[in-house]
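Enquirer: Take a look at this one; I'll ask things after.
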Amino acid sequence: MSTALEGLGAPAVLGSESAVAAIPNTLDFASSLPTPSNVPRPHGPWLRLGKPKEIALWLQCVFAEYLGEFMGTWMFVSIGVCVNAQYVLVTKDDSGRFFAMNWIWGFSLMMGAYTSAGVSGSHLNPAMTLACLLYRRFSLWKAIGFWTAQIGGAYVGAAFSYIYWLPAIHQYDGHIKRATGPTGIGRIFYSESTDYESNAMRLWIETYGTAIFVFVLFALNDRKNNPLAGPIIPIIRGLTMAAITTSYGSPAGYAINPIRDFGPRLFLLSAGYGTVTFTEHSAYFWIPLCGPLFGGVLGGFMYQILIRPLLMDMVVERGGVSATH
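With the first letter of the sequence shown counted as 1, position 293 gets the number 1095 in my numbering; the numbers rise by one all the way through.
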């Protein structure tokens, strides 16, 4: 089962005739899973007991990609939030904390990407999905489905992390729910910025960091640019995120992914921590939500106009790679 983010899945075997055909002329990022239009629909009533396999197949083809995005995002956010909780609630040691947390977030992205690569292409980021909608063959309806799955995965990932750390949270906050303040747990779940930066600068930092991230991902997944990168792309993707957040993250909180911030905020709101989760720091929440979306559009555009037109046609041949104009 192939995906449009082929670089994240298993590539065609080099040396085979299918290897050349496997390299697309354009980067797609859209899954090539069977769609409801080309899968036999169950005959008769949906719940006819005699056709459960047909029903299961049809439902799988409809929802598989969205489930992949949900599960990959769940793993990404859950592990990331847990490492935040580890340092805030237990370790309480600032030496190397920022560096270590950024790299664990990078590894959590790598794990989430490997989890769903073969099913959905593992966007795991609404900014990436938006860039694919604008610059690749990605439908609006599928993008809406991906965004919904990503938000749901981030929400559930935050919820499971909260349940896991609930005894430690109660010890930390004295059983008084606070998102802000000395015993507030908001900083565990969503990004917080420094006091010395303006909102305009924070917005630029989120936009700039995400633009770099999406630019690199477009380059990695373009078979004309990196025809052999395939199986290691999730690793490079995680390392790229860790490098960007370590380099640019401190002033604005390093979201570079709208749902990494928005999903956990939404969970804390529903868990009874109040609207302060969205109103604190002059309603800062919209910056890690909108900044990465702007950055995704900018990063994809930069790749399209600066790199893509210059690429030579790459052809994988038996025994190596050759380039033709």
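Just so you know, even glycine gets a beta-carbon here, dropped at the ideal spot from N, CA and C.
Quick caveat, the model's predicted, so the values are computed rather than measured.
Kindly list the residues whose CB is nearer than 7 Å to the CB of residue 788, restricted to its own chain and excluding five residues on each side of it in sequence; keep chain order.
Expert: Nothing can be reported for residue 788, as the shown portion of the chain is limited to 803 through 1127.
Enquirer: One question on the structure: do residue 991 and residue 892 come within less than 7 Å of each other, judged by their Cβ atoms?
Expert: On the sequence shown, residue 991 is found 189 positions in, with the first residue counted as 1. On the sequence shown, residue 892 is found 90 positions in, with the first residue counted as 1. It is not a contact, given that the beta carbons lie outside the stated cut-off.
Enquirer: Comparing alpha-carbon positions, which option in 1057, 1106, 987 and 1001 lies nearest residue 1073?
Expert: Counting from 1 along the sequence shown, the entry for residue 1073 is found at position 271. Cα-wise, what sits closest to residue 1073 is 987.
Enquirer: Which of helix, strand or coil does DSSP assign to residue 910?
Expert: For the purposes of this step, residue 910 is taken as the residue at position 108 of the sequence shown. Looking at residue 910 - three-state DSSP - the assignment turns out to be helix.
Enquirer: Just the Cα atoms here: how many angstroms apart are residue 860 and residue 946?
Expert: Translated into the one-based positions of the sequence shown, residue 860 becomes position 58. Translated into the one-based positions of the sequence shown, residue 946 becomes position 144. C-alpha separation (whole angstroms): 20 Å.
Enquirer: Quick test of the definition: if touching needs 3 or more C-beta pairs under 8 Å, does the region 916-928 touch the region 857-876?
Expert: yes
Enquirer: Return the chain-ordered list of same chain residues with a C-beta closer than 7 Å to the C-beta of residue 1068, the five sequence neighbours on each side being excluded.
Expert: Taking the sequence shown and counting its residues from 1, one reaches residue 1068 at position 266. 957.
Enquirer: For residue 961, collect the residues of the same chain with a Cβ closer than 6 Å to its Cβ; drop the 5 residues on either side in sequence, then sort them by chain order.
Expert: For this step, residue 961 is matched to residue 159 along the sequence shown. Counting only Cβ-Cβ distances below 6 Å, and skipping sequence neighbours, we find 1069.
Enquirer: Could you tell me the alpha carbon to alpha carbon distance between residue 1108 and residue 907, rounded to whole angstroms?
Expert: Along the sequence shown, one-based indexing puts residue 1108 at 306. Along the sequence shown, one-based indexing puts residue 907 at 105. If you take the alpha carbons of residue 1108 and residue 907, they lie about 29 Å apart.
Enquirer: Would you mind sorting residue 976 into buried or exposed? The rule is 16 or more other CB atoms within 10 Å of its CB.
Expert: On the sequence shown, residue 976 is found 174 positions in, with the first residue counted as 1. When all chains shown are included, residue 976 counts as exposed.
Enquirer: Under 7 Å, do residue 1011 and residue 1046 count as touching if we go by C-beta distance?
Expert: Taking the first residue of the sequence shown as 1, we reach residue 1011 at position 209. Taking the first residue of the sequence shown as 1, we reach residue 1046 at position 244. Yes, Cβ-Cβ distance for residue 1011 and residue 1046 is below 7 Å.
Enquirer: Between residue 1079 and residue 1071, which are expected to be in contact by the criterion C-beta below 8 Å, what is the C-beta distance as a whole number of angstroms?
Expert: Taking the first residue of the sequence shown as 1, we reach residue 1079 at position 277. Taking the first residue of the sequence shown as 1, we reach residue 1071 at position 269. Sure, about 5 Å apart at Cβ, within 8 Å.
Enquirer: If residue 963 and residue 887 are in contact, beta carbons under 8 Å, what's the gap, nearest whole angstrom?
Expert: Working through the sequence shown from its first residue, we reach residue 963 at position 161. Working through the sequence shown from its first residue, we reach residue 887 at position 85. Correct: roughly 7 Å between the Cβ atoms.
Enquirer: Just verifying my parser: in three-state terms, what is the DSSP assignment at residue 904?
Expert: In the sequence shown, residue 904 corresponds to position 102, counting from 1. In the structure shown, residue 904 sits in a helix (DSSP, three-state: H, G or I).
Enquirer: Could you check the C-alpha separation between residue 1013 and residue 1094 for me, to the nearest Å?
Expert: One-based indexing of the sequence shown puts residue 1013 at position 211. One-based indexing of the sequence shown puts residue 1094 at position 292. Approximately 8 Å, taken between the alpha carbons.
Enquirer: To the nearest angstrom, how far is it from the Cα of residue 909 to the Cα of residue 1081?
Expert: As a working mapping, residue 909 is identified with position 107 in the sequence shown. As a working mapping, residue 1081 is identified with position 279 in the sequence shown. Cα to Cα, the separation comes out at about 31 Å.
Enquirer: Could you give the first and the last residue of the continuous alpha helix (DSSP H) run that contains residue 979?
Expert: As a position in the sequence shown, residue 979 is number 177, starting the count at 1. Where residue 979 is concerned, there is no enclosing alpha helix (DSSP H), given that its DSSP letter is neither H nor E.
Enquirer: Three-state secondary structure (DSSP) at residue 1015?
Expert: In the sequence shown, counting from the first residue as 1, residue 1015 sits at position 213. Residue 1015 falls in the helix class under three-state DSSP.
Enquirer: Quick one: residues in its chain with C-beta nearer than 8 Å to the C-beta of residue 1063, no 5 flanking neighbours on either side, listed in chain order?
Expert: For this step, residue 1063 is matched to residue 261 along the sequence shown. So the list reads 992, 993, 1055, 1057, 1087, 1090 and 1091, once near-sequence residues are dropped.
Enquirer: Cutting at 7 Å between CB atoms, please list the residues of its own chain near residue 876, excluding the five before and the five after it.
Expert: Position 74 of the sequence shown, counting from 1, holds the residue named residue 876. Excluding residues within five positions, the ones whose Cβ falls inside 7 Å are 955, 958 and 959.
Enquirer: Taking the straight line between their C-alpha atoms, what separation do you get for residue 905 and residue 1005?
Expert: Locating residue 905 in the sequence shown gives position 103, where the first residue counts as 1. Locating residue 1005 in the sequence shown gives position 203, where the first residue counts as 1. Between residue 905 and residue 1005, the C-alpha separation is close to 23 Å.
Enquirer: Tell me whether residue 965 is buried or exposed, calling it buried when 16 or more other Cβ atoms sit within 10 Å of its Cβ.
Expert: Here residue 965 corresponds to residue number 163 of the sequence shown, with the count starting at 1. Under this definition residue 965 is an exposed residue.
Enquirer: Taking C-beta to C-beta, are residue 982 and residue 974 nearer than 7 Å?
Expert: The residue you call residue 982 lines up with position 180 of the sequence shown. The residue you call residue 974 lines up with position 172 of the sequence shown. No, these two residues do not count as a Cβ contact at 7 Å.
Enquirer: If we ignore side chains and look at the alpha-carbon of each, how far apart do residue 941 and residue 935 end up?
Expert: Numbered from its first residue, the sequence shown carries residue 941 at position 139. Numbered from its first residue, the sequence shown carries residue 935 at position 133. When rounded, the distance between both Cα atoms is 6 Å.
Enquirer: Whole angstroms are fine: how far does the CA of residue 937 sit from the CA of residue 967?
Expert: Working through the sequence shown from its first residue, we reach residue 967 at position 165. Working through the sequence shown from its first residue, we reach residue 937 at position 135. So the two alpha carbons sit approximately 41 Å from each other.
Enquirer: According to DSSP, is residue 949 helix, strand or coil?
Expert: Here residue 949 corresponds to residue number 147 of the sequence shown, with the count starting at 1. Helix.
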